[in-house]
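If you read the sequence shown in numbering that gives the first Met the number 0, its first letter stands for residue 0, the second for the next number, and so on. C-beta atoms are modelled at their ideal positions from N, C-alpha and C, and glycine is treated no differently. Note that the structure is predicted; figures quoted are calculated from it, not measured.
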Amino acid sequence: MRQLFTKSQMAQLVCLNAPGYHILDFDPLVNLQELHMTTDEDITSTFPFPSSVVYLKVHTYRQVVGIFPHVKVLKITGESSRVKIRSSTLRELEASAKGVVVDCPQLTRLTLSGVWRNLYLNTPNVVFLELNGFRYNYKKLLLEEKFPLLAHLSLNDYRAQDELYIPQPLKSAKLSLLELKSRTLTADDVSIWCCKPSTPKASRPINPIQHPCCNSIVMI
């Protein structure tokens, strides 16, 4: 960074979007609030991010096992091996990881991708939930993890699921690339793309619609 900016310039930076850079020295970035970077090190609560950062986006394949109280938005790309976050101040989390533990009671927006190992969520205030490439049964997840304030749901997955059951009415629901045996949800706005029932009941009339973007059949 010192090759690109003077010390005075770095001190004035508020937003630094450098996804292809490994930043080693954070000391000059005293006013930085938004940071996008890459690292090949484990991220813990002692990682030397500037205390002024409130928006953090990190590309890493290493584990993320801690976060800092000043961060409000955290986005982790690159399919980290493990994400374990406990925070009372985090409001938005986006993570691509094999295993996820999230204990963030004030979180309102959650996006998870590629989770197939362990999963634990304590996120009772989530309003926006997006799950991509998930290997968990949606019905079990949505019932057991308890999202009482959930209003907006997006599910994107190529793998067949047994059931989709949403206990409370939603404001919006987006379903993409799903194969479901049954689905029970109520939403004001529903978007369906390339979905189909895996074993439709013969006694129930089904209207097939050929989606113009793919070869799948949407059954309604």
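In the three-state reduction of the DSSP assignment, residue 94 falls in the strand class. In this structure, 121 is the residue among 175, 127 and 121 with its C-alpha nearest to the C-alpha of residue 145. Residue environment for residue 21: exposed (fewer than 16 other C-beta atoms within 10 angstroms of its C-beta). In the three-state reduction of the DSSP assignment, residue 186 falls in the strand class.
With a cutoff of 8 Å on beta-carbon distance, residue 171 and residue 188 are scored as near each other.
Here the C-alpha atom of residue 13 lies approximately 4 Å from the C-alpha atom of residue 31.
By the criterion of a C-beta distance shorter than 6 Å, residue 43 is surrounded in its chain by 64 and 65, once the five residues flanking it on both sides are discounted.
In this structure, the CA atom of residue 166 is about 11 Å from the CA atom of residue 182. Excluding sequence positions up to five before and after residue 19, its CB lies within less than 8 Å of the CB of 37, all in the same chain and listed in chain order.
One alpha carbon belongs to residue 17, the other to residue 3, and they sit about 12 Å apart. Residue 172 sits in a strand when the DSSP states are folded into three classes.
When DSSP assignments are scanned along the segment 39 to 122, the uninterrupted stretches of beta strand (DSSP E) that are 3 or more residues long and fall wholly within it turn out to be 54 to 58, 72 to 85, 91 to 102, 108 to 112 and 118 to 121. The beta carbon of residue 192 is closer than 6 Å to those of 175 in its chain, skipping five residues each way along the sequence. The C-alpha of residue 101 is placed about 18 Å away from the C-alpha of residue 58. Sequence-distant Cβ neighbours of residue 45 in its own chain, meaning closer than 7 Å and more than five residues away, do not exist here. Counting along the chain, the unbroken beta strand (DSSP E) around residue 17 starts and ends at 14 to 21.
Here residue 177 has 154, 156, 160 and 194 as same chain residues with Cβ atoms under 7 Å from its own Cβ, once five neighbours each way along the sequence are excluded.
Only residues of its own chain outside the window of five on either side were considered, and among them 91 and 127 have a CB closer than 6 Å to the CB of residue 108, listed in chain order.
Nearest to residue 113 by C-alpha distance, out of 99, 40, 41 and 150, is 99.
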